[in-house]
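Here the protein sequences come in this chain order: A and B.
For the first sequence, the residue numbers in this note's numbering are 6 to 114.
For the second sequence, the residue numbers in this note's numbering are -2 to 109.
For reference, the structure is listed below as structure tokens.
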Amino acid sequence: DQQVKQNSPSLSVQEGRISILNCDYTNSMFDYFLWYKKYPAEGPTFLISISSIKDKNEDGRFTVFLNKSAKHLSLHIVPSQPGDSAVYFCAASDRKLVFGQGTRLTINP
Amino acid sequence: DVKVTQSSRYLVKRTGEKVFLECVQDMDHENMFWYRQDPGLGLRLIYFSYDVKMKEKGDIPEGYSVSREKKERFSLILESASTNQTSMYLCASSFGGLPEAFFGQGTRLTVV
Chain A
6 DQQVKQNSPS
16 LSVQEGRISI
26 LNCDYTNSMF
36 DYFLWYKKYP
46 AEGPTFLISI
56 SSIKDKNEDG
66 RFTVFLNKSA
76 KHLSLHIVPS
86 QPGDSAVYFC
96 AASDRKLVFG
106 QGTRLTINP
Chain B
-2 DVKVTQSSRY
8 LVKRTGEKVF
18 LECVQDMDHE
28 NMFWYRQDPG
38 LGLRLIYFSY
48 DVKMKEKGDI
58 PEGYSVSREK
68 KERFSLILES
78 ASTNQTSMYL
88 CASSFGGLPE
98 AFFGQGTRLT
108 VV
């Protein structure tokens, strides 16, 4: 049973526009949600997180929104840059991290 | 900077071989994890450990075992490698009670 789901395997966005990546979860006991970025042949790197008691967290070009009633979170990247092209994983924490399937983001010049 | 180091970037092993994947972290983290990444399936947790000499099964432990004799080192063992264990293996560590985990560079294992 997939507790964390990313339903879009891929997303293509023009440089300078907003990228929105989505994630749904089923377990209301998760206390933190995180986004990781992964380049090919490298380990994932932490991007941004949000506590379950908040609904928004911002860090530079990256903002994560949490809608607990809908069990949904999203990552907004604005403006999108070519270096943002990577696979993005959302993860939920119940002391260990449970990951979604990932979304491949491609930023087109 | 936190460093999580996996012993090999690429590994090719034969079916039936016993395979050891080593992971070392330098930040005195209590928690260590082994994941595998496969296309379309994301990262799936194999085993984790919250302390020395303790281990817990993750979502897909079958065919694997682990060892944590020292706090900084967490080893993943494939008892008898099979072709369906061909994958990218990722080790991670974190402080107890904090959600953010730091990952190693990954080991691409091919079983032939």
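Just so it is clear, CB atoms sit at the ideal spot from N, CA and C, and this is done for glycine as well.
Residues in its own chain within less than 8 Å of A:N113 by CB, not counting five upstream and five downstream? S17, V18, Q19 and E20
Interface residues of the stretch 15 to 41 of chain A facing chain B [CB-CB below 9 Å]: D36, Y37, F38, L39 and Y41
Counting only the same chain and skipping the five closest in sequence on each side, list residues whose C-beta sits under 8 Å from that of B:F45. N28, M29, F30, W31, K52, E53 and G55
Neighbour list for A:G48 in chain B, Cβ cutoff strictly below 7 Å: L87, F100, G101, Q102 and G103
If we count the other Cβ atoms within 10 Å of its Cβ and call it buried at 16 or more, is B:T113 buried or exposed? The structure shown does not extend to residue 113 of chain B, since chain B spans only -2 to 109, so no value can be given for it.
Closest residue to A:K73 among A:L52, A:K42 and A:F38 (Cα-Cα distance): A:F38
Taking a cut of 7 Å between CB atoms, which residues from the stretch 15 to 45 of chain B lie near chain A? F30, G37, L38, G39, L40, L42 and F45
Is the separation between the beta-carbon of A:L80 and that of A:V69 shorter than 8 Å? yes
Assuming B:L75 and B:L40 make a contact with CB atoms under 8 Å, what is their CB distance in whole Å? With a Cβ gap of about 18 Å, B:L75 and B:L40 do not count as contacting.
Measure the Cβ-Cβ separation of B:Q34 and B:S84 and say whether it is below 8 Å. yes
Going by CA-CA distance only, name the one from A:W40, A:A75 and A:F94 that's closest to A:E63. A:W40
The stretch 78 to 111 of chain A: which residues have C-beta closer than 7 Å to a C-beta of chain C, in chain order? Considering every chain present, this structure includes no chain C. Its protein chains are A and B.
Would you mind listing the beta strand (DSSP E) stretches within the stretch 1 to 67 of chain B that are 3+ residues and don't spill past its ends, in chain order? 1 to 3, 7 to 10, 16 to 22, 28 to 35, 39 to 46 and 61 to 67
Under a CB-based cut-off of 8 Å, is B:P58 close to chain A? no
Can you give me, in chain order, the residues of the stretch 62 to 73 of chain B that have a beta carbon less than 8 Å from any beta carbon in chain A? none
Given that a residue counts as buried once 16 or more other Cβ atoms are within 10 Å of its Cβ, and exposed if not, what is B:R6? exposed
Skipping 5 residues on each side, what residues in its chain have a beta carbon closer than 8 Å to that of A:S54? Y37, F38, L39, W40, N62 and V69
At a Cβ threshold of 8 Å, is B:E97 touching chain A? yes
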